[in-house]
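K.L.:
Quick one: structure below, then a few questions.
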């Protein structure tokens, strides 16, 4: 414990002793009241910054979190989060000057969402870093470090790992659902990213709405006490999801009153109530339902967070006091948003190297409902920006200095339903050289419960491209003009791959989405994103949405051949994996192995490749994953050049989670595979690199 922490604890103890019960309870609500006589100011804990400071006016709008995951670049994730925290501090400074202390003005941000994207129908999957525990852990930790900074005693802003735990839809059932999950799936899939966040020093953890293993997550002895505090040693504060504690008595029916709900949540370690239930904690204490010492514990943790954020010092003494609105949406941050977008686009198909388009004279027709759709740039939990560059705008701007290149636009097809009539627009494709068809989803079709106005609850009933869009694409394709299909979505879509000549997955690319697309379409940037989620071939291939078992889900347990595998992504160049070398052929428990992978760029473009390292058992048991990602690295390789990459795998990379949820090292032969996607049954696709493998025996 540092000297600074000791001093703060002494001050906090004095504050707690001086407060009445009512005052202490008031500090445990997201809209916390002031205790003026103790120098405690009013503070609202609720703030969001999923991909930029959200719901607080002007901000840099970065690509959605799922797009950031597609970069497979944790250094870039940390850089983005640092930029976001700079804007957060700048906006906070301005708010304090104006004495604005309401919601979305503070320094406690309920980000990142590190739930596992286990089912592509979940509307909030776009907020996550995908389906893999290792990728989610790496990206989540990087984002947390970028937000909080590198000084454990003084936080730039406070991050929050959410939603703990086993939470990923359906949205319409989140207030009543009981996630029944095996110990193996719990410890192998659902908890690793939260453990990584705690190890990285995340300041806050948010409990989920649902129950897990019969206990409400925001009042779970198992999750909050046994695992989070006792097993992992978490020292920060726990916050409920918004109005989740009220769900105890109104939805889950496990308590009979607000007082009982408050007593359950607080006694199990939920320190902060986003909602309206904790005022009943006063009654709970007075009636004997709750010991006041539990209130004191929570208030101490909450005050420590506020001390770390500098809230008991004059704001002009903060190391970040010089930040102001000039630091919001700066040219540097806009350039970073463009970089993230360009690195997130995934090239799924490129027949006859249609892309990149040359700058020779040609007429390009941009068509489709996502072409000018600003909602496909924003996604959800977003800030606003005066220069949201749509796909049409980006392509037209790019053509400004390209002699002979003409960009035209017609909408062609509706986003949310079939056309009343198609008119002459399909015929237009016969009079151009190439069509850039922008289709897919936007934030009105998928998102959080209550926000997506074009869907019932935010989730999707099916993962196929909306049928009216598919019909329109088929009609265009039949005309014979080359088609570049650009798809926007925050989750996997299923579609026939032969529907277009080239296919780019753009996710929700943020304020510079149109610029990024234009740079990729015309070859100023080479696509290098890789899928952070498996793309199933059809909705019928999925297990029931309400089933939280991992069997049949994600690349690790899939049983059906996917449309595109986890980790997949093409390039304008070609990469060859030449060899993989291990420092040892046998290791024992506690030992590790060094892995070298040689990759060559045999194409014509300097470009980035994402080298992925997977581990699998040579002789798998029925309950073992197909394979598991254990390391990755994005690397830039010049045309005609080679790079030799080194990875270190500790023996923990070969652990098996057994049916009791225990990590065990099983002796036997393991296969280490390096490639550009998961080595699963979907490899007969054009342009993928052939993976290289080596055997290692654990003795």
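In our numbering, the protein residues as written are 1 to 699. Each residue gets a CB set at the ideal place from its N, CA and C atoms; glycine is no exception. Note that the coordinates shown come from a computational prediction; the quantities given were computed from them, not determined experimentally.
Between 195, 211, 365, which has its C-alpha nearest residue 204's C-alpha?
P.N.:
Position 204 of the chain shown, counting from 1, holds the residue named residue 204. Looking at the Cα atoms, 195 is the closest of the given residues.
K.L.:
Go ahead and label residue 453 buried or exposed: buried means 16 or more other beta carbons lie within 10 angstroms of its beta carbon, across all protein chains shown.
P.N.:
As a first step, residue 453 must be located in the chain shown, where it is residue number 453. Answer is exposed; the Cβ neighbour count stays below 16.
K.L.:
Using a Cβ distance threshold of 8 angstroms, determine whether the region 434-447 contacts the region 538-558, with at least three qualifying pairs required.
P.N.:
Cβ pair count under 8 angstroms is below three, so no.
K.L.:
For residue 359 and residue 487, I'd like the C-alpha separation in whole angstroms.
P.N.:
Locating residue 359 in the chain shown gives position 359, where the first residue counts as 1. Locating residue 487 in the chain shown gives position 487, where the first residue counts as 1. Computed Cα separation, rounded: 23 angstroms.
K.L.:
Straight-line CA distance for residue 339 to residue 285?
P.N.:
If you number the chain shown from 1, residue 339 lands on position 339. If you number the chain shown from 1, residue 285 lands on position 285. So the two alpha carbons sit approximately 53 angstroms from each other.
K.L.:
What ranges does the beta strand (DSSP E) occupy inside the region 643-688, keeping only unbroken runs of at least 3 residues that lie completely in it?
P.N.:
Counting whole runs of 3 or more residues, the region 643-688 contains the beta strand (DSSP E) stretches 668-675.
K.L.:
Specify whether the region 453-472 and the region 396-409 touch according to this definition: at least 3 beta carbon pairs, one from each stretch, less than 8 angstroms apart.
P.N.:
They do not touch, by the three-pair rule.
K.L.:
Check whether the region 64-72 and the region 528-537 touch, using three or more Cβ-Cβ pairs below 8 angstroms as the test.
P.N.:
The region 64-72 vs the region 528-537: in contact.
K.L.:
What does DSSP give as the partner residues of residue 587 in its beta bridges?
P.N.:
Here residue 587 refers to the residue found at position 587 of the chain shown. The partner list for residue 587 (beta bridge, DSSP) reads 698.
K.L.:
On the CB-based measure, 16 or more other CB atoms within 10 Å of its CB, does residue 323 come out buried or exposed?
P.N.:
Translated into the one-based positions of the chain shown, residue 323 becomes position 323. Buried.
K.L.:
Specify, as a first and last residue, the run of the beta strand (DSSP E) that residue 612 falls within.
P.N.:
By one-based count along the chain shown, residue 612 stands at place 612. It spans 607-617 - the beta strand (DSSP E) in which residue 612 sits, taken as one unbroken run.
K.L.:
Comparing alpha-carbon positions, which option in 420, 567, 482 lies nearest residue 352?
P.N.:
Along the chain shown, read from residue 1 onward, the residue named residue 352 stands at position 352. Nearest option by C-alpha distance: 482.
K.L.:
Within 10 angstroms of its Cβ, does residue 319 collect 16 or more other Cβ (buried), or is it exposed?
P.N.:
Position 319 of the chain shown, counted from the start, is the residue given in the question as residue 319. Counting Cβ neighbours within 10 Å, residue 319 comes out exposed, since fewer than 16 surround it.
K.L.:
Exposed or buried, what is residue 100 when buried is set at 16 or more other beta-carbons lying within 10 Å of its beta-carbon?
P.N.:
Indexing the chain shown from 1 puts residue 100 at position 100. Label assigned to residue 100: exposed.
K.L.:
Leaving out five residues before and five after residue 418 in sequence, what residues of the same chain have Cβ atoms less than 7 angstroms from its Cβ?
P.N.:
In the chain shown, residue 418 corresponds to position 418, counting from 1. The answer, listed in chain order, is 468.
K.L.:
What does DSSP give as the partner residue(s) for residue 406 in the beta ladder?
P.N.:
The residue you call residue 406 lines up with position 406 of the chain shown. 363, per the DSSP bridge assignment.
K.L.:
Grab the span of the alpha helix (DSSP H) containing residue 333 for me, first residue to last.
P.N.:
In the chain shown, the residue the question calls residue 333 occupies position 333. Element bounds for residue 333: 331-344.
K.L.:
If we ignore side chains and look at the alpha-carbon of each, how far apart do residue 576 and residue 601 end up?
P.N.:
The residue you call residue 576 lines up with position 576 of the chain shown. The residue you call residue 601 lines up with position 601 of the chain shown. Taking the straight line joining both Cα atoms gives about 6 angstroms.
K.L.:
From residue 291 to residue 346, what does the alpha carbon distance come to, in whole angstroms?
P.N.:
As a working mapping, residue 291 is identified with position 291 in the chain shown. As a working mapping, residue 346 is identified with position 346 in the chain shown. Those two C-alpha atoms are separated by around 54 angstroms.
K.L.:
Report, in whole angstroms, the separation of the C-beta atoms of residue 149 and residue 155, which I expect to be a contact under 8 angstroms.
P.N.:
Here the question's residue 149 lines up with position 149 in the chain shown. Here the question's residue 155 lines up with position 155 in the chain shown. So it is a contact: roughly 6 angstroms between Cβ atoms.
K.L.:
For residue 274 versus residue 30, is the C-beta spacing smaller than 8 angstroms?
P.N.:
On the chain shown, position 274 is the one that residue 274 refers to. On the chain shown, position 30 is the one that residue 30 refers to. Contact flag set, yes.
K.L.:
Is it right to say residue 380 is buried, meaning 16 or more other beta carbons lie within 10 angstroms of its own, or is it exposed?
P.N.:
For this step, residue 380 is matched to residue 380 along the chain shown. Result: buried.
K.L.:
Excluding five sequence neighbours on each side, which residues of the same chain lie with their C-beta closer than 6 angstroms to the C-beta of residue 606?
P.N.:
Residue numbering aside, residue 606 sits at position 606 when the chain shown is read from its first letter. Excluding residues within five positions, the ones whose Cβ falls inside 6 angstroms are 638, 639.
K.L.:
Within 10 angstroms of the Cβ of residue 1, are there 16 or more other Cβ atoms? Answer buried if so, exposed if not.
P.N.:
For the purposes of this step, residue 1 is taken as residue 1 along the chain shown, with counting starting at 1. Residue 1 should be labelled exposed.
K.L.:
Quick check on residue 636: does DSSP put it in helix, strand or coil?
P.N.:
The residue given as residue 636 occupies position 636 in the chain shown. In the structure shown, residue 636 sits in a strand (DSSP, three-state: E or B).
K.L.:
Nearest CA to the CA of residue 490: which residue from 457, 508, 32, 499?
P.N.:
Taking the chain shown and counting its residues from 1, the one referred to as residue 490 is at position 490. Ranking the options by Cα distance to residue 490, first place goes to 508.
K.L.:
Measure the alpha-carbon distance for residue 22 versus residue 282 and round it to whole angstroms.
P.N.:
Counting from one through the chain shown, the residue named residue 22 turns up at place 22. Counting from one through the chain shown, the residue named residue 282 turns up at place 282. Cα to Cα, the separation comes out at about 6 angstroms.
K.L.:
In the DSSP assignment, find the unbroken beta strand (DSSP E) run with residue 164 in it and report its ends.
P.N.:
Taking the chain shown and counting its residues from 1, the one referred to as residue 164 is at position 164. Counting along the chain, the beta strand (DSSP E) containing residue 164 begins and ends at 160-164.
K.L.:
Using beta-carbon positions only, say whether residue 429 and residue 392 come within less than 8 angstroms of one another.
P.N.:
The count along the chain shown starts at 1 and reaches residue 429 at position 429. The count along the chain shown starts at 1 and reaches residue 392 at position 392. No; because the gap between Cβ atoms is not below 8 angstroms, this pair is not in contact.
K.L.:
Across which residues does DSSP place residue 40 in a beta bridge pair?
P.N.:
As a working note, residue 40 is residue 40 in the chain shown. Note: residue 40 sits in a beta bridge opposite 35.
K.L.:
What residue from 268, 293, 407, 264 has the CA that sits closest to residue 280's CA?
P.N.:
In the chain shown, residue 280 corresponds to position 280, counting from 1. It is 264.
K.L.:
Using only the alpha-carbon positions, how far apart do residue 125 and residue 172 sit?
P.N.:
Locating residue 125 in the chain shown gives position 125, where the first residue counts as 1. Locating residue 172 in the chain shown gives position 172, where the first residue counts as 1. Answer to the nearest angstrom: the Cα atoms are 14 angstroms apart.
K.L.:
Output the residue ranges of the beta strand (DSSP E) runs that lie fully inside the region 122-190 and measure 3 residues or longer, sorted by chain position.
P.N.:
The region 122-190 contains these whole beta strand (DSSP E) runs: 160-164.
K.L.:
Rounded to whole angstroms, what is the Cα-Cα separation between residue 387 and residue 523?
P.N.:
Counting from one through the chain shown, the residue named residue 387 turns up at place 387. Counting from one through the chain shown, the residue named residue 523 turns up at place 523. So the two alpha carbons sit approximately 23 angstroms from each other.
K.L.:
Can you grab the Cα-Cα spacing for the pair residue 269 / residue 650, in whole Å?
P.N.:
Mapped onto the chain shown, residue 269 falls at position 269. Mapped onto the chain shown, residue 650 falls at position 650. Spanning the two alpha carbons is a distance of roughly 34 angstroms.
K.L.:
When you compare the CB positions of residue 235 and residue 267, do they come within less than 8 angstroms of one another, or not?
P.N.:
For the purposes of this step, residue 235 is taken as residue 235 along the chain shown, with counting starting at 1. For the purposes of this step, residue 267 is taken as residue 267 along the chain shown, with counting starting at 1. No, the Cβ-Cβ distance between residue 235 and residue 267 is not below 8 angstroms.
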